[in-house]
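Contents: one structure, followed by commentary.
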Amino acid sequence: MTSPILVIGATGKVGSRIVAKLEAQSRPVRGASRRSTPAFDWEDDATWSPALAGAEAVFVAFMPDLAARGAPEAIAKFAEKAIAAGVKQVVLLSGRGEDNALRSEAIIQASGLGYTIVRASWFNQNFSDGVFLPAVLEGFISLPAGNRKEPFIDVDDIADVAVAALTDQRHLGQLYDVTGPRLMTFAEAAAEISAAAGHPVTYAHIALPDFHAALVPEVGAPTADFLRDLCEEVFDGRNESLSNGVQRALGRQPRDFADYCTAMAATGIWKRAA
Ligand SMILES: NC(=O)c1ccc[n+]([C@@H]2O[C@H](COP(=O)([O-])OP(=O)(O)OC[C@H]3O[C@@H](n4cnc5c(N)ncnc54)[C@H](OP(=O)(O)O)[C@@H]3O)[C@@H](O)[C@H]2O)c1
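Be aware that the sequence shown starts at 135, since it is given in the numbering used here, and climbs by one per residue.
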């Protein structure tokens, strides 16, 4: 029997789509997360080898984030265990240019494993499957992003690139910087969501210290500190450019934010309770 493709983060936005797409191709898949059997927990390295056993190709979504403190060290240890388990190939989901994400990418690239790096910009689905859904429903998105532009990307495109990389050796050794087709401010994104959702959604800039202070009671100081540092890093202008990773990997254009909004509105996810 062919060895299963291991998908770490299998119940998440990206991983769940990868699992579905691989299953649709009748590929053997093993989904891993803290709730799988065997469980896989980034915070407990004793769980890694049992999940890796028998897999030759692995998709990796690191939690809480590849930009977080300790991520490169965890990825280095993970690469060692993957090699020991007989893994041949890793597809790493990365962020766009954060220091720890770059260090983690470099560790995988130098590990001896076959690799594909999928370096993604801000997910569209953060507004529907993710942390910003409550803000969209309230009609008010507040971030320390000013008028910075983001090339929002659809998670389905990321999953398509990852599936291609997991199933076609031509993607080995590639780094795909994947973005959507348009640079947009958060105010523009909010306006498009608003038009599709049928209720007002506005964006307002919040100063970094105020953003942090508002988060502390909600998520605790360590997570608030991390999110402050992450926002400071990713909203410094480094991501105000488009790239062609989707086109290079798949030979087609990435999905537009407007199509995402139309599709999400049709599901009813942005409908407010009456
Ligand atoms: N959101 C963005 O805009 C963006 C942009 C670029 C890159 N990224 C990267 O995308 C990744 C997140 O992917 P996603 O959005 O698809 O995930 P997600 O929707 O946030 O879901 C998280 C997944 O990871 C699992 N998980 C959570 N904590 C875990 C732990 N300690 N050990 C093992 N598994 C754990 C969850 O399942 P269980 O709860 O069952 O464990 C779930 O499958 C991060 O590495 C982030 O850096 C995100």
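All C-beta atoms in this analysis are idealised placements derived from N, C-alpha and C, irrespective of residue type, glycine included. As the structure is a prediction and not an experimental result, all values here were calculated from the model.
Worksheet item: Which ranges does the alpha helix (DSSP H) cover as unbroken runs of at least 4 residues, wholly within the segment 327-400, from first to last along the chain?
Response: Those alpha helix (DSSP H) runs which fall completely within the segment 327-400 and span 4+ residues are 342-353, 355-368 and 379-384.
Nearest-angstrom beta carbon gap, Leu364 and Asp199 [assumed within contact, 8 Å] | That belief holds up - the Cβ atoms of Asp199 and Leu364 are roughly 7 Å apart, short of 8 Å.
- Message: For Glu284, list the residues DSSP reports as bridge partners.
- Response: According to DSSP, Glu284 bridges with Met318.
query: Does the beta carbon of Ser167 fall short of 7 Å from some heavy atom of ligand 1?
result: Within the chosen limit of 7 Å, ligand 1 reaches the beta carbon of Ser167 through at least one heavy atom.
DSSP state of Phe257 mapped onto helix, strand, coil:
In the displayed model, Phe257 falls within a strand according to three-state DSSP.
Would Ser228 be called buried (16 or more neighbouring beta carbons within 10 Å of its own) or exposed? The residue in question, Ser228, is buried, as its Cβ has 16 or more Cβ neighbours within 10 Å.
Between Asn260 and ligand 1, is there a pair consisting of the residue's CB and a ligand heavy atom that are separated by less than 7 Å? Shortest gap from the CB of Asn260 to any heavy atom of ligand 1: under 7 Å.
> What number of angstroms, rounded off, separates the C-alpha of Ile340 from the C-alpha of Ala293?
Replying inline: Their backbone Cα atoms lie some 32 Å apart in a straight line.
Beta strand (DSSP E) containing Ala166: first to last residue? Looking at the DSSP string, the run of the beta strand (DSSP E) that includes Ala166 is Val163 to Ala166.
Notebook entry, point to check: How would you label Arg389, buried or exposed, when you count the other beta carbons within 10 angstroms and need 16 or more for buried?
Noted result: Label assigned to Arg389: buried.
query = If we ignore side chains and look at the alpha-carbon of each, how far apart do Arg161 and Lys222 end up?
reply = The straight-line gap from Cα to Cα measures roughly 17 Å.
*asked:* Taking 7 Å as the cut-off, is the C-beta of Asp175 nearer than that to any heavy atom in ligand 1?
replied: Yes, ligand 1 has a heavy atom inside 7 Å of this Cβ.
- Enumerate, from N- to C-terminal direction, the unbroken alpha helix (DSSP H) stretches of 4 or more residues contained entirely within the segment 143-207. Runs found: 147-158 and 182-186.
Item to complete: Verify whether the separation of the beta carbon atoms of Val335 and Ile275 is less than 8 Å.
Response: With contacts defined by Cβ atoms closer than 8 Å, Val335 and Ile275 form a contacting pair.
Worksheet entry | Per-residue burial, Asp311 [other beta carbons within 10 Å of its own, 16 or more giving buried] | Answer is buried; the Cβ neighbour count reaches 16.
*Taking C-beta to C-beta, are Ala185 and Leu140 nearer than 8 Å?*
For Ala185 and Leu140, yes; Cβs fall inside 8 Å.
Discussion item. Let me check understanding here. Comparing Cα to Cα, which of Arg203, Ala397, Gly220 and Gly332 lies closest to Asn234?
Written reply: Of the residues Arg203, Ala397, Gly220 and Gly332, the one whose Cα lies closest to the Cα of Asn234 is Arg203.
What residues in its chain sit with their C-beta under 6 Å from that of Gly188, if we drop five residues either side in the sequence?
Cβ-Cβ distances below 6 Å link Gly188 to Ser137 in the same chain, with the five nearest sequence neighbours on each side left out; the list follows chain order.
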